[in-house]
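Numbering (UniProt numbering), first residue to last: 1 to 427.
Presented below is the structure to which this report refers.
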Amino acid sequence: MSSQTSLLDLVLTSKRALSQAQHVRSQVLLVRDKVDQGCSLWAETIATKAERQHQLSVLSGISIKMQSENHQLLGELEKANETREHLLLSLSQTLLSLSQTIVPPSIHQNLVASSSSLSSLFGDNLDRSSTRSVVASELPSSKEKSKTLRDFIDEQGLDRLVDELDLEQEAIETELEVLLSLPSSVLSSTDAVILLNGKVITDREIETIIRKTKAERSKIVEAVEQEIDGLTRHWEQVSRAMKEAGWENEADHGRDDGRYGVEDEEELQVLMEDTAHLPLILNDIEHMHQAMIRLDSSLRPPIAIHPLTVPDPTPTLNQHKAAHQTIISAHLPNLQSKFQSVEDLNTSFIQYREAFGALLLEVDRRESARREREHVVSGWQEIMRKWEAEEDERRSVFLEDWADSLPADLCPSIGESMEKWDIKLSE
């Protein structure tokens, strides 16, 4: 009964091992076909290289042209950036100067006291709605402390202009990022045709790759077939032993009529020893399968190979042209316009500061003139008082001497009081 059980184990183990090995062989053959396809792909790479080289030259020329245009544009943008930094630095220095220039309360209160003085001091043609306006829309109260020249400028308009400048700069950088990536995107497809793992390869190197790959492929397939043949022979030996034991198939195991058993115990022992090696053989076959997979993977470099076609550069060209045109025709003119606005604003602030200096002189001159006029008027007032006193005295003397001798209706006005004169400064 023991020999029957051992024989059954051998039959089942051998059959299962052969079945597994045949399944792995089918997988190996599938990968072998992929390897053959890879070799064919490399072979086509050689056959079509001349045609591709011409296409690659065209694409390379396109990429160089893009890079040249990008380089020229970068030069213009660099100049624009230098201009921007210079203008903003000048504006910052001017604003600092305005912040440090104190407006005396007497000057500010004088402006509040006279609404008509605003245009005379800051110009009749001043555009108060412009972002370049240097006068605040609301004048501070006379009760407030001294302010600086910066307190009277349009800070919101200034911030708005700087924000617009920053937004335009961000828009240019966004377009530029796309623009700079396009030349490399054109070349990436060309590199994929002639590079393997980042290294340029020749036709001879490709032929060597194909030859070595096919040799290794054949070696693996042959080794697998040899192992399969060994497993097949083992199965045949086990099957023959099964038949010699009187079994037609595994289902006959278990019949107890005395007719089944292995006559040669030594032969059974040999079969059992061979069967014990079956897992190692299956493991070897699986290793061969993995070796075939690695061989297939070696034909697929990190940069994929496209031997027959080179992508059409037209979409990339159109995208580059559109991005380039947007920067040249839209963003740069807008940026230059903003630069001019910043420059004009800075100029108006400088003129504002200079005008304030003139304002201080004018206020001082007017105060001096007022004092002079006040002195003159005061002198005339004293003269008028003397004239009036003298006139009153002379009229009184006349009336005392002659009034009683003259009829009242002869000259009614002779008794009237003299007219009064008043000389004063008008506000």
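Idealized CB from N, CA, C, for every residue including glycine.
Practice prompt. For leucine 98, collect the residues of the same chain with a Cβ closer than 8 angstroms to its Cβ; drop the 5 residues on either side in sequence, then sort them by chain order.
Written response: Closer than 8 angstroms at the Cβ level, and outside the excluded window around leucine 98, lie Thr148, Leu149, Arg150, Ile153, Phe349, Tyr352 and Arg353.
Discussion item. Here's a check: name, in chain order, each residue in its chain whose Cβ is nearer than 6 angstroms to the Cβ of proline 412, leaving out the five neighbours to either side.
Written reply: Cβ within range, chain order: n/a, list empty.
Worksheet item: Can you list, in chain order, the residues of its chain whose CB lies under 6 angstroms from that of aspartate 422, leaving out five sequence neighbours each side?
Response: Counting only Cβ-Cβ distances below 6 angstroms, and skipping sequence neighbours, we find nothing.
Practice prompt. Classify threonine 148 as helix, strand or coil using the three-state DSSP reduction.
Written response: Judged by DSSP in its simplified three-state form, threonine 148 adopts strand.
Worksheet item: For leucine 89, which of Leu345, Arg16 and Val178 has the nearest alpha-carbon?
Response: Check the Cα spacing between leucine 89 and each of Leu345, Arg16 and Val178: the tightest is with Leu345.
Discussion item. I'd like the list of long-range same chain contacts for aspartate 274, defined as Cβ closer than 6 angstroms, with 5 residues on each side in sequence excluded.
Written reply: Hits under 6 angstroms: His234.
Practice prompt. Could you name the residues of the same chain whose beta carbon sits closer than 8 angstroms to that of threonine 13, not counting the 5 residues immediately before and after it, in chain order?
Written response: These residues qualify, in order along the chain: Thr275 and Leu278.
Worksheet item: Helix, strand or coil for serine 117 per DSSP?
Response: Interpretation of serine 117 is limited by its pLDDT of 42, a score under 50 that renders its predicted location unreliable; the figure taken from the coordinates is listed afterwards. Helix.
Discussion item. Taking a contact to mean a Cβ-Cβ separation below 8 angstroms, would you say alanine 171 touches histidine 331 in this structure?
Written reply: With respect to histidine 331, alanine 171 sits close: the two C-beta atoms are nearer than 8 angstroms.
Worksheet item: Are methionine 292 and isoleucine 220 closer than 8 angstroms when you measure CB to CB?
Response: Result yes, Cβ atoms of methionine 292 and isoleucine 220 sit closer than 8 angstroms.
Worksheet item: What residue ranges within the stretch 311-350 form continuous alpha helix (DSSP H) runs of no fewer than 4 residues, ordered along the chain?
Response: Unbroken alpha helix (DSSP H) runs of no fewer than 4 residues, entirely contained in the stretch 311-350, are found at 314-326, following chain order.
Worksheet item: Any contact of the stretch 354-371 with the stretch 396-408, i.e. 3+ C-beta pairs under 8 angstroms?
Response: Output reads no: the stretch 396-408 does not touch the stretch 354-371.
Worksheet item: So is valine 238 buried or exposed if we call it buried at 16+ other beta carbons inside 10 Å?
Response: Flag for valine 238 reads buried.
Worksheet entry | Rounded straight-line distance, which links the Cα of valine 178 to that of methionine 288 | Each residue's Cα considered, the two are about 48 angstroms apart.
Discussion item. Pull the bridge partners of valine 103 from the DSSP assignment, please.
Written reply: According to DSSP, which records beta bridges pairwise, valine 103 is partnered with Lys147.
Practice prompt. Determine the burial state of tryptophan 42: buried for a count of at least 16 other Cβ atoms within 10 Å of its Cβ, exposed for fewer.
Written response: With 16 or more Cβ atoms within 10 Å of its Cβ, tryptophan 42 is classed as buried.
Worksheet item: Grouping DSSP H, G and I as helix and E and B as strand, with all else coil, what is lysine 424?
Response: Here lysine 424 carries a coil assignment [DSSP, helix/strand/coil].
Fill in: Residue burial classification, residue 429 (beta-carbon count within 10 angstroms, cutoff 16)
The structure shown does not extend to residue 429, since the chain spans only 1 to 427, so no value can be given for it.
Worksheet item: Between the beta-carbon of leucine 7 and the beta-carbon of alanine 241, is there less than 8 angstroms?
Response: Yes, these two residues count as a Cβ contact at 8 angstroms.
Practice prompt. Rank Val24, Cys39, Leu10 and Pro313 by C-alpha distance to the C-alpha of leucine 56 and give the top, closest one.
Written response: Ranked by Cα distance from leucine 56, the options Val24, Cys39, Leu10 and Pro313 are led by Pro313.
Worksheet item: Which residues mark the beginning and the end of the alpha helix (DSSP H) in which glycine 230 is found?
Response: Here the alpha helix (DSSP H) through glycine 230 covers 203-244.
Worksheet item: Is it buried or exposed for valine 35, if we count other Cβ within 10 angstroms and need 16 for buried?
Response: Counting every other CB atom within 10 Å of its CB across the protein chains shown gives valine 35 a total of 16 or more, marking it as buried.
Discussion item. Taking the alpha-carbon of glycine 157 as reference, which of Glu173, Gly415 and Ser341 has the nearest alpha-carbon?
Written reply: For the residues Glu173, Gly415 and Ser341, the minimum Cα distance to glycine 157 belongs to Ser341.
Worksheet item: What are the boundary residues of the alpha helix (DSSP H) that includes histidine 289?
Response: According to the DSSP assignment, histidine 289 belongs to the alpha helix (DSSP H) that extends over 278-298.
Discussion item. Quick check on DSSP: helix, strand or coil for aspartate 274?
Written reply: Residue state, collapsed to three classes: helix.
Practice prompt. Using alpha carbons as the reference points, say which of Thr347, Ser19 and Ser184 lies closest to serine 63.
Written response: Between serine 63 and the set Thr347, Ser19 and Ser184, the nearest pair of CA atoms involves Ser184.
Worksheet entry | Inter-residue spacing [alpha-carbon to alpha-carbon] between glutamate 205 and valine 31 | For glutamate 205 and valine 31, the gap between their C-alpha atoms comes out near 23 angstroms.
Discussion item. Less than 8 angstroms between the C-beta atoms of threonine 232 and cysteine 39, yes or no?
Written reply: No, the Cβ-Cβ distance between threonine 232 and cysteine 39 is not below 8 angstroms.
Practice prompt. Less than 8 angstroms between the CB atoms is what I'm expecting for isoleucine 285 and glutamate 227, so what's the real figure, rounded?
Written response: Indeed they touch by this definition, with Cβ atoms about 5 angstroms apart.
Worksheet entry | CB contact flag (leucine 335, glutamate 168, <8 angstroms) | Going by C-beta atoms, leucine 335 is nearer than 8 angstroms to glutamate 168.
Item to complete: Quick one: grab the DSSP three-state call for serine 417.
Response: In the structure shown, serine 417 sits in coil (DSSP, three-state: anything other than H, G, I, E or B).
Worksheet item: From this set, Leu161, Thr316 and Thr326, which residue's C-alpha is nearest serine 337's C-alpha?
Response: Of Leu161, Thr316 and Thr326, the residue nearest in Cα terms is Leu161.
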